[in-house]
Amino acid sequence: MSDPQAAISQMGGRGRHQGRDGAMVPAATPDSYYGRPVLTAPVWTWEIAAYFFTGGLAGASATLAAGAGLTGNATLARRAWPVALAGAAVSPVLLISDLGRPERFLRMLRVFKPTSPMSVGTWVLSAFATATGLATGWQLLGVPPAAVGVPAAAVAALTGPVVSTYTAVLIAQTAVPAWHDARRELPFVFAGSSLASAGGAVAALTPVEAAAPARAMAVAGAAVEVAAATVMTRRLDPRVRAAYEAPSTGPFHQAARACTLGGAALLAAAGRRSRTATVAGGLALCAGSALERWAVYKAGRVSADDPAQTVGPQRDRRGRPRSSESSRAPSPSPHSAARSTTSPRRSS
Amino acid sequence: MTVTYGEEARERVGFFTDTSLCIGCKACEVACKEWNAVPEDGLDFMGLSMDNTGGLGADTWRHVAFVEQRVQLEDVEGLRWLMSSDVCKHCTHAACLDVCPTGSLFRTEFGTVVVQEDICNGCGYCVPACPFGVLDKREEDGRVWKCTLCYDRLRDDQEPACAKACPTDSIQFGPLEVLRVHAKGRVEELHERGQDGARLYLDSPDDGVGGAGAFFLLLDEPEVYGLPPDPVDCTRDLGESWRAAGAAAVTLAAVVAGAVLVGRRFA
Chain A
343 MSDPQAAISQ
353 MGGRGRHQGR
363 DGAMVPAATP
373 DSYYGRPVLT
383 APVWTWEIAA
393 YFFTGGLAGA
403 SATLAAGAGL
413 TGNATLARRA
423 WPVALAGAAV
433 SPVLLISDLG
443 RPERFLRMLR
453 VFKPTSPMSV
463 GTWVLSAFAT
473 ATGLATGWQL
483 LGVPPAAVGV
493 PAAAVAALTG
503 PVVSTYTAVL
513 IAQTAVPAWH
523 DARRELPFVF
533 AGSSLASAGG
543 AVAALTPVEA
553 AAPARAMAVA
563 GAAVEVAAAT
573 VMTRRLDPRV
583 RAAYEAPSTG
593 PFHQAARACT
603 LGGAALLAAA
613 GRRSRTATVA
623 GGLALCAGSA
633 LERWAVYKAG
643 RVSADDPAQT
653 VGPQRDRRGR
663 PRSSESSRAP
673 SPSPHSAARS
683 TTSPRRSS
Chain B
82 MTVTYGEEAR
92 ERVGFFTDTS
102 LCIGCKACEV
112 ACKEWNAVPE
122 DGLDFMGLSM
132 DNTGGLGADT
142 WRHVAFVEQR
152 VQLEDVEGLR
162 WLMSSDVCKH
172 CTHAACLDVC
182 PTGSLFRTEF
192 GTVVVQEDIC
202 NGCGYCVPAC
212 PFGVLDKREE
222 DGRVWKCTLC
232 YDRLRDDQEP
242 ACAKACPTDS
252 IQFGPLEVLR
262 VHAKGRVEEL
272 HERGQDGARL
282 YLDSPDDGVG
292 GAGAFFLLLD
302 EPEVYGLPPD
312 PVDCTRDLGE
322 SWRAAGAAAV
332 TLAAVVAGAV
342 LVGRRFA
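Here you go:
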């Protein structure tokens, strides 16, 4: 190129960020600030998604254990309580390790704050875990005695469903569109998921003659989980639904559904006769439940990172047109601005 | 606000950021970092016009946004350059404060929202709760940090560092009621001058956060600056969320009850 000016501007452009017309600055779109997120994505790590699973499983197992005890199915009760206890023991470890300052975990019990689902949940989980420990000890070891064990079992049975569903409230009570806009359905997704995983896990550990309630619970839970998840995604604004269909979430969502339905089918068809089928079905249901929690957790990050999911529905709410053209006619004064936004042309 | 300070209560103060006066000098970013000893968070070259900071976070409590726009002026094409200094909004209905489970986030006697760093255990709930994406967790530290509206300076009757450093008085600090009156007058003045796009953002107590302690005069739609058009404190929907969870919990218990009762027939 004989023109030195053109050569210099071409050299300067190469290797640096190029917008349209060879401009140096990316075009600012009127729908976002350079495509940057409006929200800050949750900083929670995999432990929180895992806790959704373990807490849900524990809560539903405790309710099952208490129900089995009440209906004279001691075999089932003696399997369900340890499952609940295992979940209740692992859950605080997961939660504490996610904290930025784990050594300060007791700060969670400084206050009881009704506006904070995490505060309410921490107290409920604490009561649940304590009660489950006492009830399991009473059922399996005879220690503590029934005077403590029976009320403990009642507390565990009452707080169990709360433990299994409050986590949905926790994530729904954020600004993240994929979670907040699904606040009416997420609790049912989590409830169904808890029922399915708890029923499946307990059934797998129980002789088939005594496991009928666990199987029934698992199959019903699977139906609730899949139905609620379907309704949830259908009801979402299409822009927000994209968070559940993204490459990092869609496959998990679908795998969860497949495992849940497959596991439920196995239990329903062959669970009564075959312990092997029950174990396989139980494992599949647990896998499905865990995968579903993972998909929901990841969808939150995708949703927070996408400015369109925040801006779009909010603009609609304000009654503003979706196009980038202004609804306001530009005034004739030289100081007024039109809404078209492109990067400036470089003078050459 | 549900906190009652009694005799300790002070008049509510805040920021009015008039972005029509901002020259993009970033003195506010520097002053804030210097006063609050905020760590360096990346010497990046993002090239977003003159913005190399990116956005608010644990280590950026004032962020100047730059937006270049083409403007048609009769028969000539010109350029409009929007500049705005973003900050924590210190909302009247603050989602971060509502969801904090340790009580670390609290409302001060000035009406501002502050994180008590000796209590915060880094649970991170406030991070996705904020409709503006203000808060974030500081990596190695583990706790969440944000603008304090220079709480320490307020208690010495000083204005915040950013307002003090701003050379054009784009960042104005004072009693919120006074600022709101002044802001309305300023918008009218701009409209008279032909700046039809001038509007106030977060000044009205009727919006989703109840109006903010830091409100703005913008020259274009909020989303152009990276701000949400209709931010809402998620706590507004708390009752609805808990009712759904209650129904789901009852459903869970009912399914278990049905299962143990029905299953009895097959025992």
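Residue numbers (this note's numbering), protein chains in the order written: chain A, 343 to 690; chain B, 82 to 348.
Glycine included, every Cβ here is placed at the ideal spot set by N, Cα and C.
Being a predicted model, the structure only gives us computed values, none of them experimental.
| query | Are the beta-carbon atoms of Pro-241 of chain B and Ala-517 of chain A separated by less than 8 Å? | reply | Reading the second sequence from its first residue, position 160 is the one you call residue 241 of chain B. Reading the first sequence from its first residue, position 175 is the one you call residue 517 of chain A. No; because the gap between Cβ atoms is not below 8 Å, this pair is not in contact.
| field | CB of Met-127 of chain B within 8 Å of CB of Val-145 of chain B, strictly | value | Working through the second sequence from its first residue, we reach residue 127 of chain B at position 46. Working through the second sequence from its first residue, we reach residue 145 of chain B at position 64. Contact flag unset, no.
| message | Residues of chain A with CB closer than 8 Å to the CB of Thr-316 of chain B, please, in chain order. | response | As a first step, residue 316 of chain B is located in the second sequence; it is residue number 235 there, counting from the start. Under the 8 Å cutoff, chain A gives Thr-457, Gln-515.
| request: Give the DSSP bridge partners of Ala-295 of chain B, in chain order. | output: Within the second sequence, residue 295 of chain B is the residue found at index 214, counting from 1. Partner(s): B:Phe-96.
| Cut-off 7 Å between Cβ atoms - residues of its own chain near Thr-548 of chain A, not counting five sequence neighbours on either side | As a first step, residue 548 of chain A is located in the first sequence; it is residue number 206 there, counting from the start. Within the same chain, Thr-548 of chain A has close Cβ partners Thr-417, Leu-418, Arg-421, Ala-556.
| If we count the other Cβ atoms within 10 Å of its Cβ and call it buried at 16 or more, is Gly-541 of chain A buried or exposed? | In the first sequence, residue 541 of chain A corresponds to position 199, counting from 1. With 16 or more other Cβ atoms within 10 Å, it is buried.
| task | Per DSSP, which residues does Gly-255 of chain B bridge with? Please list them. | result | If you number the second sequence from 1, residue 255 of chain B lands on position 174. Answer is B:Gly-95, bridged to Gly-255 of chain B.
| query | What residues match up with Arg-40 of chain B in a beta bridge as DSSP calls it? | reply | With chain B running from 82 to 348 in the structure shown, residue 40 of chain B is simply not present.
| task | State yes or no: is the beta carbon of Arg-261 of chain B nearer than 8 Å to at least one beta carbon in chain A? | result | By one-based count along the second sequence, residue 261 of chain B stands at place 180. No, no contact with chain A.
| message | Give me, in chain order, the residues of the same chain whose beta-carbon lies closer than 6 Å to that of Tyr-639 of chain A; leave out the 5 immediate sequence neighbours on both sides. | response | Numbered from 1 along the first sequence, position 297 holds the residue referred to as residue 639 of chain A. Closer than 6 Å at Cβ, skipping near neighbours: Ala-391.
| request: State buried or exposed for Thr-691 of chain A, treating a residue as buried only when at least 16 other CB atoms are found within 10 Å of its CB. | output: Summary: the structure shown does not reach residue 691 of chain A, with chain A confined to residues 343 through 690, and so no result is reported for it.
| said: Taking the beta strand (DSSP E) that Arg-143 of chain B belongs to, which residues open and close that run? | reply: Residue mapping note: residue 143 of chain B aligns to position 62 of the second sequence, counting from 1. 143 to 154 is the span of the beta strand (DSSP E), which, as asked, contains Arg-143 of chain B.
| query | Which chain A residues are close to Glu-258 of chain B, counting only those with a beta carbon under 9 Å from its beta carbon? | reply | As a first step, residue 258 of chain B must be located in the second sequence, where it is residue number 177. The contacting residues do not exist; Glu-258 of chain B stays about 26 Å from chain A at best.
| Under 8 Å between C-beta atoms, does Leu-281 of chain B make it to chain A? | Stepping through the second sequence from its first residue, residue 281 of chain B is reached at position 200. For Leu-281 of chain B, the answer is no, since every Cβ of chain A falls outside 8 Å of its Cβ.
| query | Tyr-86 of chain B to Glu-190 of chain B, Cα distance in whole Å? | reply | Against the second sequence, residue 86 of chain B aligns to sequence position 5. Against the second sequence, residue 190 of chain B aligns to sequence position 109. When rounded, the distance between both Cα atoms is 6 Å.
| Would DSSP call Trp-386 of chain A helix, strand or coil? | What you label residue 386 of chain A is simply residue 44 of the first sequence in a count that begins at 1. DSSP places Trp-386 of chain A in coil when its eight states are reduced to three.
| Beta carbon of Val-305 of chain B nearer than 8 Å to that of Val-148 of chain B | What you label residue 305 of chain B is simply residue 224 of the second sequence in a count that begins at 1. What you label residue 148 of chain B is simply residue 67 of the second sequence in a count that begins at 1. Closer than 8 Å, so yes.
| said: Run through the DSSP bridge pairs and tell me what Met-164 of chain B is partnered with. | reply: One-based indexing of the second sequence puts residue 164 of chain B at position 83. Partner(s): B:Phe-147.
| query | How long is the line joining the alpha carbons of Thr-501 of chain A and Ala-469 of chain A, rounded to whole angstroms? | reply | Within the first sequence, residue 501 of chain A is the residue found at index 159, counting from 1. Within the first sequence, residue 469 of chain A is the residue found at index 127, counting from 1. Straight-line Cα distance between these residues: approximately 8 Å.
| query | Going by C-alpha distance, which of B:Asp-217, B:Arg-280, B:Val-168, B:Cys-247 is nearest Gly-266 of chain B? | reply | The residue labelled residue 266 of chain B in the question sits at position 185 within the second sequence. When only C-alpha atoms are compared, the closest one is B:Arg-280.
| query | Three or more C-beta pairs closer than 8 Å, one from the stretch 483 to 492 of chain A and one from the stretch 441 to 451 of chain A: is that the case here? | reply | no
| query | Quick one: Cα of Asp-301 of chain B to Cα of Gly-278 of chain B, how far? | reply | Taking the second sequence and counting its residues from 1, the one referred to as residue 301 of chain B is at position 220. Taking the second sequence and counting its residues from 1, the one referred to as residue 278 of chain B is at position 197. Computed Cα separation, rounded: 5 Å.
| Cβ neighbours of Lys-227 of chain B in the same chain (closer than 7 Å, five flanking residues each side left out) | Residue 227 of chain B sits at position 146 when you count from the first residue of the second sequence. Hits under 7 Å: Trp-142, Cys-169, Val-196, Val-215, Leu-216.
| With a cut-off of 8 Å, does the C-beta of Phe-395 of chain A fall near any C-beta of chain B? | Position 53 of the first sequence, counted from the start, is the residue given in the question as residue 395 of chain A. It does not; no Cβ of chain B falls within 8 Å.
| message | Under DSSP, the beta strand (DSSP E) around Val-518 of chain A begins and ends at which residues? | response | As a first step, residue 518 of chain A is located in the first sequence; it is residue number 176 there, counting from the start. Careful: Val-518 of chain A lies outside any beta strand (DSSP E) and carries neither H nor E.
| chain A within 8 Å of Ala-334 of chain B, Cβ atoms only | Here residue 334 of chain B is taken as the residue at index 253 of the second sequence, counted from 1. Yes, Ala-334 of chain B lies at the interface with chain A (some Cβ there is under 8 Å from its Cβ).
| query | Got a sec? Which residues, its chain only, sit under 7 Å from Arg-91 of chain B by beta carbon, not counting five neighbours each side? | reply | Locating residue 91 of chain B in the second sequence gives position 10, counting from the first residue. Counting only Cβ-Cβ distances below 7 Å, and skipping sequence neighbours, we find Glu-190, Phe-191.
| task | Assign Gly-320 of chain B to one of three DSSP states: helix, strand, or coil. | result | Residue 320 of chain B sits at position 239 when you count from the first residue of the second sequence. Helix at Gly-320 of chain B.
| query | Given that Glu-110 of chain B touches chain A, what residues does it touch there, using C-beta distances under 7 Å? | reply | For this step, residue 110 of chain B is matched to residue 29 along the second sequence. Within 7 Å Cβ-Cβ: nothing; Glu-110 of chain B doesn't reach chain A, min ~16 Å.
| Exposed unless 16 or more other CB atoms sit within 10 angstroms - verdict on Arg-599 of chain A | By one-based count along the first sequence, residue 599 of chain A stands at place 257. Flag for Arg-599 of chain A reads buried.
| request: Kindly indicate which residue of B:Val-337, B:Glu-221, B:His-174, B:Gly-339 has the alpha-carbon position closest to the one of Pro-312 of chain B. | output: Residue numbering aside, residue 312 of chain B sits at position 231 when the second sequence is read from its first letter. When each option's Cα is compared against that of Pro-312 of chain B, the closest is B:His-174.
| Residues that DSSP places opposite Glu-158 of chain B in a beta bridge | By 1-based counting over the second sequence, the position of residue 158 of chain B is 77. Note: Glu-158 of chain B sits in a beta bridge opposite B:Gln-153.
| task | Determine the direct distance from the alpha carbon of Val-94 of chain B to that of Asn-117 of chain B, and round the result to whole angstroms. | result | Counting from 1 along the second sequence, the entry for residue 117 of chain B is found at position 36. Counting from 1 along the second sequence, the entry for residue 94 of chain B is found at position 13. Approximately 19 Å between the Cα atoms of the pair.
| message | Can you check which of these residues, A:Val-462, A:Leu-441, A:Leu-476, A:Arg-443, is closest to Ala-431 of chain A by C-alpha distance? | response | Numbered from 1 along the first sequence, position 89 holds the residue referred to as residue 431 of chain A. With distances taken between Cα atoms, Ala-431 of chain A lies closest to A:Leu-476.
| message | Could you check whether the Cβ of Gly-292 of chain B sits closer than 8 Å to any Cβ belonging to chain A? | response | Translated into positions along the second sequence, residue 292 of chain B becomes position 211. Not one chain A Cβ lies under 8 Å of Gly-292 of chain B.
| Exposure of Asp-238 of chain B, with buried meaning 16 or more beta-carbon neighbours within 10 Å | In the second sequence, the residue the question calls residue 238 of chain B occupies position 157. Its Cβ having fewer than 16 others within 10 Å, Asp-238 of chain B is exposed.
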